[in-house]
Structures are given as C-alpha cells and as structure tokens.
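Shown next, in structure tokens, is the structure this report addresses.
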Amino acid sequence: MKTAVPCYYHLDVEVSPERVGQVSRILAAHLRYWDLENLVVPVCHGAELLLHAIDEHASDKDTSIEMWWNGQHLITAVGGDDRDLRPDQDLRACLADIAAMSDGWGCCASEGGAKIIWFSQRARAGERVPLVPTAPAPSLNQGLEVPRELPVLALAAPATAVDGLLEGAP
1 MKTAVPCYYH
11 LDVEVSPERV
21 GQVSRILAAH
31 LRYWDLENLV
41 VPVCHGAELL
51 LHAIDEHASD
61 KDTSIEMWWN
71 GQHLITAVGG
81 DDRDLRPDQD
91 LRACLADIAA
101 MSDGWGCCAS
111 EGGAKIIWFS
121 QRARAGERVP
131 LVPTAPAPSL
141 NQGLEVPREL
151 PVLALAAPAT
161 AVDGLLEGAP
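The structure is reproduced here in structure tokens:
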C-alpha cells in the first residue's frame with residue numbers, strides 16, 4: 001500500500017487587493033505540486049474569501065497562510081495579528097461561505113493574540129493516488145492435473161457412436 005507523505009507550506013503576505021490573486025496562484029501551484037489538483041478550486045476560493053475580508057475589515061494587513069496535507073485532509077489556516085478584528089462580527093458572511101464549502105472549519109486565537117481561521121478539505125477516496133491493478137500471483141505450489149481427455153474420434157463421431165464408445169470404455 002502506498003502511504004502519503006505529509007506536506008506543509010507557509011506564506012507571509014501583506015494583504016492588498018492585487019496580492020489576493022497572486023496568493024491564490026501560489027497556493028494553486030503548491031496544491032498541484034502535491035498532486036491535489038481536485039482541491040485547487042475550493043481551497044483557493046476559501047483563501048480568497050478570507051483575504052478579501054481581512055483586506056476590508058482589518059487594520060493590520062500582515063497575514064500568514066499555512067497549508068498542511070496529512071494524506072487525507074488538507075487544512076488551510078489564515079492568521080493575522082489584528083487584535084481589533086472580530087471574526088464573529090466582521091467576518092460573519094465570509095465564515096458562512098467557508099462553512100458551506102469546506103468539510104470543517106474553525107476559528108481560534110494564538111498565544112500572542114492573533115486570530116486564526118482554518119478550514120479543511122478532505123480528499124475523496126481514489127482521487128490522489130491512482131489505483132494500478134496488479135496481476136494475480138499463483139498461490140498453489142503444485143499445478144492441477146489435466147482432466148482425462150476423450151479420444152478425438154468421440155468428438156467427431158455422431159452422438160450414437162459416442163454413446164457406444166463410452167459404453168465400451170474401461
């Protein structure tokens with residue numbers, strides 16, 4: 001069985017309207033590098049929503065973005081140091097969209113007072129690693145014996161001749 005290699009990516013950015021598209025392309029490139037093409041659209045859309053909301057509501061635009069891939073889930077976290085930003089009030093619409101498009105999400109504060117908003121996307125079974133059929137290997141140590149064969153005459157003769165031939169067989 002093939003096991004997944006955990007992956008991690010961290011990006012520090014000062015959020016501005018023109019940087020949102022750049023950050024989205026950077027995240028997409030890393031997801032493609034990790035063979036997670038199917039998660040590019042939801043992850044980049046969620047990150048764009050959060051970055052636009054931070055640009056609109058936060059006074060401190062310095063933001064960190066992190067992605068963790070553990071083989072089953074991709075967790076994307078966006079954190080900022082703005083102590084005045086209230087996710088429950090300022091980012092309510094953004095968080096509703098994040099909740100609708102992700103498999104899980106949450107908000108927490110770090111020890112330094114930074115607000116971190118994260119969401120996860122689950123890779124569906126069979127999407128990341130293509131299944132390759134394997135040829136069956138023989139499991140018996142000895143081959144089976146071939147069944148007893150009928151003479152060629154029995155196969156070519158009419159049905160009544162075959163019945164007579166079979167009756168005379170030992």
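Under my numbering, the sequence shown is numbered contiguously, ending at residue 170. We treat Cβ as the ideally placed atom computed from N, Cα and C, and that holds for glycine.
Going by beta-carbon coordinates alone, are I26 and A77 separated by less than 8 Å?
Cβ atoms of I26 and A77: not closer than 8 Å.
May I ask which residues mark the beginning and end of the beta strand (DSSP E) holding E14?
Taken as a continuous stretch (DSSP letters only), the beta strand (DSSP E) holding E14 covers C7 to E14.
Taking three-plus beta-carbon pairs below 8 Å as touching, is the segment 43–61 in contact with the segment 3–21?
Yes: the two stretches touch, three or more of their Cβ pairs being nearer than 8 Å.
Can you give the Cα-Cα distance for G80 and L31, rounded to whole angstroms?
Cα-Cα distance, rounded: 22 Å.
Going by the DSSP bridge assignment, what does D62 pair with across the sheet?
In DSSP, D62 forms a bridge with E14.
Classify D44: buried if its beta carbon has 16 or more other beta carbons within 10 angstroms, exposed otherwise.
Checking the sequence, you will find Cys at residue 44 rather than Asp. The residue is buried, with at least 16 neighbouring Cβ atoms inside 10 Å.
In whole angstroms, what separates the C-alpha of V5 from that of M67?
C-alpha separation (whole angstroms): 14 Å.
Is it buried or exposed, H10, if we count other Cβ atoms within 10 angstroms and call 16 or more buried?
So H10 ends up on the exposed side.
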